[in-house]
Structure formats: C-alpha cells, structure tokens
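Take the sequence shown: its letter number 226 is residue 218 in this note's numbering, and every next letter is one higher.
For every residue, glycine included, the Cβ atom is placed at its ideal position computed from N, Cα and C.
Structure record follows, encoded as structure tokens.
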Amino acid sequence: LCTANLPEPTIGANSDTQADDHFNTVLYTGTGSSNAITGVGFQPDWTWIKRRSGDPNAIGNGHNSLYDSTRGVTNELYADLTSGEADNNNSLTAFGTDGFTVGSEARVNANNETHVAWNWKANGGTTVTNEAGSIDSTVQANTDAGFSIVTFTKGSNVETVGHGLSVAPDLLIVKRRNGTGSWAVYHSANTANPETDYVRLNVTNATADDATFWGDTAPTTSVFSVGAAFNSGETLVCYAFHSVEGYSKFGS
C-alpha cells in the first residue's frame, strides 16, 4: 500500500479543484448603502448572511438571511424563523463573479457593523427541469461538490422529487416559500431510521419521530420523498447535500 498509488479525489489538496472553489466564507463590514462584497472566489448560488456585531435583538435585525440564485436575488428566507419568502429590494441585490452586492438592509449591511456570509456554488444560476420524481422539480446542481438547490410544488400524495445529484443525499433542508412553516431537516446520521425522523432548523426541539415528513422513505440516488407533513399547493425549496471525498462529510 502506498498513497502515491491512490487516485486523486475530484476535490482535494493536490487536485485541480480545491474546496474553496465550491464553498467559501467571507467577513465584511457594512456601509448602510449599496456594498459590493468580493473575495468569495466564485459566483455564489446560495448565500447565508448573519450580522455579527451591534445589538441585533434590540433593533430586530439579527436574523439569519438566506438567498439563492434559483429563487432570485432580493428573495429572503430566515433560517431562524417560520416566515415565508419575502421580497426585499434592500437586501442581497446581485450575485457577482466573485461575490455579491447588498443594499441598505441592516440585517445584511448595517453601517460600521460586522457580518459573515457563507457561500455555496451550485450551477451559476442555470436551472433545469428534473422529471425523475412523481412531480417535476426545478434543479441546479453541483455534482462535484454534492450540492443542489431544488424548488417544487407539493402535490396531494406522498411525492418523489428529483434532486439532480448522482448520490443519495445525506442532508435535506426544506422550507415552505409561500407561507409560514418550520424548516424541516433530514440527516442520514440522525437516528437508526432517519427516514422516519426530522429536526427543525428554527427551534431547539429534539429529533421527532414522524414518518409523514419523508414518506417513510430514504432518499435515493435520484429522488427524495415528501409526505403529508407538507400540504398540497405549498411551494418549497430544498437544499440537498451528500458527502464528497476530500471536501465534505456528514456524520454525527
């Protein structure tokens, strides 16, 4: 056995592609007006921003604000709230080749306050219609990094939804867009039977046993399932991940 005889992973220290070609964190100080943030190293497709300084609880600006290039700039979701999608023209206003631009919204650009942004690369905002499931989904996927953004409208049955990846997801983060609802999270290492369990991103509750979330069915290499816990007509977004050697690992 010799490490020189092992194949190089797609993403790794000695590979053509590095981890920060697919995910990167940037820190910045707000200006209170249009502010172009650079240094990401690629055009992000999912950006999660959190204000770090000041007194966010007192001014109501401490929420975790999430944006992606599938739903479109200015369309906010809040990781710590049940609120549906909100259109805010003063929030994240553009994705650029090396970062993004934020407006005057204090949650993402308070003057002289510090912020952090976590950035993931999907497919540069280019989506495709995925017909692998019982209902069609809109997908942009980065199969090298095991990450995809999936949007779909729930039907009346237990539905299967195409995720666009080549490996079964280890992590699903699902949120209703057109109304209130908790963030539902599936994790392959959560319990011995993760397809029957879920946790919620926005509360401190422990794992709950409820097979109606994932239809009592684990994700496959092409689809994941959503059950009666999601109502017919709900528009939803899912952020899907799987482990990638040299880049990511989903354990507990």
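- From the listed residues 22, 238, 60 and 31, the smallest Cα separation to residue 138 is found for 238.
- The secondary-structure analysis by DSSP pairs residue 70 across a beta bridge with 57.
- Per the coordinates, the alpha-carbon of residue -1 lies some 10 Å from the alpha-carbon of residue 7.
- Close CB contacts of residue 79 within its chain, under the 7 Å cut and outside five residues either way in sequence, are with 66 and 67 (chain order).
- For residue 57, the CB contacts under 7 Å within the same chain, skipping 5 residues up- and downstream, are 41, 68, 70, 83, 99 and 100 in chain order.
- Between the alpha carbons of residue 141 and residue 131 lies a distance of about 6 Å.
- Contact annotation, residue 114 with residue 37: C-beta distance approximately 4 Å; criterion of less than 8 Å satisfied.
- Nearest neighbour of residue 145 by Cα position, chosen from 229, 24 and 241, turns out to be 229.
- The three-state secondary structure of residue 101, taken from DSSP, is helix.
- A straight-line Cα-Cα distance of about 20 Å links residue 148 and residue 76.
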